[in-house]
Amino acid sequence: MPEDIRGVHVWLIVMKAFHAMTTYASRSFQKSGLGDSDFRVLEALLHKGPLPVNTIGPKVFLTPGSISTAVDRLYERGLVTRTEDESDRRVRIVNLTPRGRRLIQEIFTEHAEHMEKLAKVLTSAERALLIKVLRKLGKQASASIKSRSLD
287 MPEDIRGVHV WLIVMKAFHA MTTYASRSFQ KSGLGDSDFR VLEALLHKGP LPVNTIGPKV
347 FLTPGSISTA VDRLYERGLV TRTEDESDRR VRIVNLTPRG RRLIQEIFTE HAEHMEKLAK
407 VLTSAERALL IKVLRKLGKQ ASASIKSRSL D
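Each position in the sequence shown, counted from 1, maps to that position plus 286 in this note's numbering.
Given below as structure tokens:
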């Protein structure tokens, strides 16, 4: 029987792979006491530097309420600072504390090693093709969302 290549099957396979990879990935940071959203916020700050609270959410796929809760939690743990933007006092800038930077660097290193171990099943060419195809699919979905079209 030929492989099912219908769009709904593509979606199902992508969702199953996403769920399995997310579950696998979370093992690399759960023992630190960080949840998924906390890890994503710290990782964004590690790689992007200090960011306004309202720009972190879209980068890590969190709603405004969820990002505020995550930042509050990280602040209470002493992992981030919150300061007012000098040019616009309504804007709060979030940055890693030295303790937060050490923690996320250590966790991210282990996380990257786990992801590399998982991806070893793919050749370099397969990785490049997968990235290209998923980007193409994501761009199409985003464009359809923006146009509010299911066509």
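Backbone N, C-alpha and C define an ideal beta-carbon position, used for all residues, glycine too.
Interface flag, residue i vs chain B, CB-CB below 7 angstroms
i    : result
K317 : Absent from the structure is chain B; it holds one protein chain and no more.
Burial state of residue i, where buried means 16 or more other Cβ atoms lie within 10 Å
i    : result
L420 : exposed
D358 : exposed
F347 : exposed
I417 : exposed
I291 : exposed
L320 : buried
Enclosing beta strand (DSSP E) for residue i [first to last residue]
i    : result
R413 : Not the beta strand (DSSP E): R413 falls in the alpha helix (DSSP H), residues 410–432.
E289 : It is not in any beta strand (DSSP E) - E289 carries neither H nor E in the DSSP assignment.
E446 : There is simply no residue 446 to check, as the chain begins at 287 and stops at 437 in what is shown.
Residues of its chain near residue i, where Cβ-Cβ distance is below 8 angstroms and the 5 sequence neighbours each way are ignored
i    : result
V366 : V327, L328, L331, V357, L360, V380, N381, L382, T383, G386
L408 : L416
Close Cβ partners of residue i (< 7 angstroms) along its chain, the five nearest in sequence each way excluded
i    : result
S312 : D322
Proximity below 7 angstroms, CB of residue i to CB of residue j
i    : j    : result
S314 : E396 : yes
P350 : G343 : yes
R378 : V339 : yes
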